[in-house]
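**Q** By the numbering used here, the letter at position 21 of the sequence shown is numbered 27, and the numbering carries on one by one without gaps.
Glycine residues also receive a C-beta, built at the ideal position from the N, C-alpha and C atoms.
Quick caveat: nothing in here was measured; it's all calculated off a predicted structure.
Sharing a structure with you now.
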Amino acid sequence: MLGMALAALDSTIIATAIPQIVGDLGGFAVFSWLFSGYLLAVTVTLPVYGKLSDTFGRKPVLVTGIALFLVGSLACAGAWDMASLIAFRIVQGLGGGALQGTVQTIAADLYPMAERPKIQAKLSSVWAASSVAGPALGGLLAGYADWRWIFLVNLPVGALALWLIVRYFTEDPRRAAAGETGRSPGAAAKPRVDWPGALAVFACGGLLLTALVQGGTAWPWLSPPSLLLFAGSALCAAATVLIERRAAEPVIPGWVWRRRTIAAVNLSLGALGLLMVAPTVFLPTYAQSVLGIGPTAAGFVLSVMTLSWPVSAALSSHVYRRIGIRNCALLGISAAALILLAFPLLPYPGAPWQPALIMLALGAALGLFQLPLIIGVQSSVGYSERGTATASILFCRQVGQSIGAALFGALANTTLNDRLAHAPSDIRSGLPGDLDAVSHALEHAGGLTARAADYLRRSVALTVDHVYLGAAAAAVLALIALLLLAPRRFPVHADAHAGQEAGPRTGQEPATRTDAGAEPRTGDGAPAGDGGEGGRGGGPATG
């Protein structure tokens, strides 16, 4: 949890310190790369760290990630201009990629399937606490101390996490070395790392995410930079496929997409990343520009989702044990789609508690959707594949979020520009030109007439309504992916229960174990046909 706190806190604490950082270092035109550079580094390294953790074990990868993150934090605190700060943020991201994927994988290694929702909910609570405390702490440090302390505060937390992990976290060296690949634990075999594949993944992900992050903001979508980046990412993707097909131990093995279970979850959580852009990016603008509340209150409207999400996730095991993982996820994403569709029905201008209630319900629905799918995938594979499978899920979610930011940003700009172009002639000349300018104008509404201000607020409300409708469409895509691809019952690998050893990896859908000579049963004694998903730690399960 302390290791996860590093990545979680760092993603929120910097936002409120941007004015002080820009005032000290300059570089206003490129400060967005403080976020984009970190996101790029985390996303493109996730598959690589997943494979490395399967090859060398979780502990060395996690220790390396924390150490790299702390080096990046110390370097950020000593940055002398915006370019150096962005470069050091990328170093932080290289460590953050190891933290996010490996911590989730270790949770699946240490806890049997029945106990996993509780520990995953605790990890989710770290993100919830960081989303609330991070901006406040960042503002306090930047306002009353110095912005460099927002990076230095990582050092004691990271040092404590590093000490605890080195001292107390142990994994069976024979298990990590053998990797359950069919070798005997004592057999000597030199691990092979697919460095060409890793570089190809870096290049492909970096070019694609740069195109998505910068397109429409730094340059137009159909400009030469965007077209060159998209073309380069397509070429790198083709090269990645060729390299990975020939590699002995590929970074992104083909079975990640050949197995229905993992492919369905990857696509579904990619759609989750897509829909999450609506509340996280556009809701604060709605709260401040339409409802007229301050940044702190707007943050609270959003943060209620992070409060209900881990609670729902912790309770999800009671649901999927009875109706199955697939049905539990279908229930959650169906509810999420209806909740997102309800947002445009909110009255104008409305009260802050109304969108807050929507976000509270959305967090509860997504807790039933996301965590059971992650547990289902982690339980369908053995130790030697769990890091790769977990990283593929997180990678798809991050890519979905980047695609969502690009798509919904374009949708928002199109809607708002149409509203501004068709504004009444008597107020059209004094209206701003884009969403950021509109938000700034409403924040300082003294230069606007009452009619112009009301027109802008209604325009922002309509824009955010359209984004939420797009998010509901993303939820429907996740629903379709589960219905068409996900198996009715998720397979459960024998290694999903503590203390059990799995058979050799075959590269196909992993084998499940059943009680010998009896009907396949879940761990709590219920027949598998009853829809049980795993057990309560009692024995092997088919799901």
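State the DSSP-derived secondary structure class of Gly33, mapped to helix, strand or coil.
**A** Correct three-state label for Gly33: coil.
**Q** Just how far apart, CA to CA, sit Val470 and Tyr292?
**A** Roughly 7 Å separates the two Cα atoms.
**Q** What is the DSSP secondary structure of His324, counted as helix, strand or coil?
**A** Note: His324 maps to helix in three-state DSSP.
**Q** Is it right to say Trp263 is buried, meaning 16 or more other beta carbons lie within 10 angstroms of its own, or is it exposed?
**A** Exposed is the call here.
**Q** Is the region 203–218 close to the region 95–111, with three or more CB pairs under 8 Å?
**A** No contact exists between the region 203–218 and the region 95–111.
**Q** Which same chain residues, not among the five before or five after Gln360, have their C-beta less than 6 Å away from its C-beta?
**A** Cβ neighbours of Gln360 beyond the five flanking positions: Leu352.
**Q** Whole angstroms are fine: how far does the CA of Ala93 sit from the CA of Arg542?
**A** Caution applies to Arg542, whose pLDDT of 33 falls short of 50 and renders its modelled position unreliable; the model cannot decide the point.
**Q** Does His499 come out as helix, strand or coil in the three-state DSSP assignment?
**A** The answer is strand: DSSP assigns His499 an E or B state.
**Q** Determine the direct distance from the alpha carbon of Phe375 to that of Met7, and round the result to whole angstroms.
**A** So the alpha carbons of these two residues sit roughly 22 Å apart.
**Q** Please determine, among Gly260, Pro66, Lys124 and Glu121, the residue with the shortest C-alpha to C-alpha distance to Val172.
**A** Nearest C-alpha to Val172: Pro66.
**Q** Using a Cβ-Cβ cut-off of 6 Å (strictly less than) and excluding sequence neighbours within five positions of Val138, which residues of its own chain qualify?
**A** So the qualifying residues of the chain are Ser309.
**Q** Give, in chain order, every unbroken run of the beta strand (DSSP E) that is at least 3 residues long and sits entirely within the region 9–74.
**A** Correct list: empty.
**Q** Would Val482 and Ala343 qualify as a contact pair, given that the criterion is a beta-carbon distance under 8 Å?
**A** Closer than 8 Å, so yes.
**Q** Count the other C-beta atoms from every protein chain shown that fall within 10 angstroms of the C-beta of Pro259, then say buried if there are 16 or more, exposed otherwise.
**A** It is buried - the Cβ of Pro259 has at least 16 other Cβ atoms within 10 Å.
**Q** How about Ser2 and Ala217: are their beta carbons less than 8 Å apart?
**A** Any question about residue 2 goes unanswered here, given that the chain covers just 7 to 549.
**Q** For Leu278 and Gly406, which I take to be in contact (beta-carbon distance under 8 Å), what is that distance rounded to the nearest angstrom?
**A** Rounded, the Cβ-Cβ distance is 7 Å, consistent with contact.
**Q** Out of Tyr389, Ser340 and Phe75, which one is the CA nearest neighbour of Leu368?
**A** Comparing Cα-Cα distances from Leu368 to each of Tyr389, Ser340 and Phe75, the minimum goes to Ser340.
**Q** Which value, in whole angstroms, describes the spacing of the CA atoms of Ala194 and Val283?
**A** In this prediction, Ala194 scores a pLDDT of 45, lower than 50, which makes its location untrustworthy; the coordinate-derived value is nonetheless stated afterwards. Distance between the alpha carbons of Ala194 and Val283: 48 Å.
**Q** Does the region 415–428 touch the region 219–229, meaning 3 or more C-beta pairs lie closer than 8 Å?
**A** Flag = yes, the region 219–229 and the region 415–428 touch.
**Q** What does DSSP give as the partner residues of Trp225 in its beta bridges?
**A** Answer by DSSP bridge pairing, in chain order: Gly221.
**Q** DSSP state of Leu352, grouped into three classes?
**A** In the structure shown, Leu352 sits in coil (DSSP, three-state: anything other than H, G, I, E or B).
**Q** Quick one: Cα of Gly476 to Cα of Leu281, how far?
**A** Looking at the two C-alpha atoms, the distance is approximately 8 Å.
**Q** Could you round the C-beta distance between Val383 and Ile486 to whole angstroms and report it? I think they count as a contact, below 8 Å.
**A** No, Val383 and Ile486 are not in contact; Cβ-Cβ is about 18 Å, not under 8 Å.
**Q** Does the region 418–430 come close enough to the region 125–138 that 3 or more CB-CB pairs lie under 8 Å?
**A** Segments in contact, no.
**Q** Which residues in the same chain as Leu15 place their Cβ atom closer than 7 Å to its Cβ, once the five residues preceding and following it in sequence are excluded?
**A** Hits under 7 Å: Ser136 and Gly140.
**Q** Using 8 Å as the Cβ pair cut-off and three pairs as the minimum, do the region 246–260 and the region 78–85 touch?
**A** Contact fails: fewer than three Cβ-Cβ distances are below 8 Å.
**Q** Quick check on DSSP: helix, strand or coil for Glu391?
**A** Three-state DSSP puts Glu391 in a helix.
**Q** Taking Arg306 as the reference, which of Ala206, Ala397, Ser318 and Ala142 has the closest Cα?
**A** This sequence places Phe at residue 306; Arg is not what is there. The option with the nearest alpha carbon to Phe306 is Ala142.
**Q** Name the residue from Asn272, Leu437 and Gly63 whose alpha carbon lies nearest to the alpha carbon of Arg457.
**A** The option with the nearest alpha carbon to Arg457 is Leu437.
**Q** In whole angstroms, what is the alpha-carbon distance linking Val97 and Ile409?
**A** Cα to Cα, Val97 sits roughly 23 Å from Ile409.
**Q** Label Tyr55 either buried or exposed according to how many other C-beta atoms from any shown protein chain fall within 10 Å of its C-beta, with 16 as the threshold for buried.
**A** It is buried - the Cβ of Tyr55 has at least 16 other Cβ atoms within 10 Å.
**Q** Taking the alpha helix (DSSP H) that Ala93 belongs to, which residues open and close that run?
**A** Start and end: Met88 to Leu116.
**Q** Hey, which unbroken runs of the alpha helix (DSSP H) at 4 residues or more fall wholly within the region 201–275?
**A** Counting whole runs of 4 or more residues, the region 201–275 contains the alpha helix (DSSP H) stretches 201–220, 230–252 and 261–264.
**Q** Please go through the same chain and pick out, in chain order, the residues whose beta-carbon is closer than 7 Å to the beta-carbon of Glu515, but skip the five residues on each side of it.
**A** In this predicted model, Glu515 has a pLDDT of only 42, less than 50, meaning its place in the structure is not dependable; the value taken from the coordinates is given anyway. Excluding sequence neighbours, Glu515 sits near Arg265 and Pro497.
**Q** Buried or exposed, going by whether 16 or more other CB atoms sit within 10 Å of the CB of Ser59?
**A** Buried is the call here.
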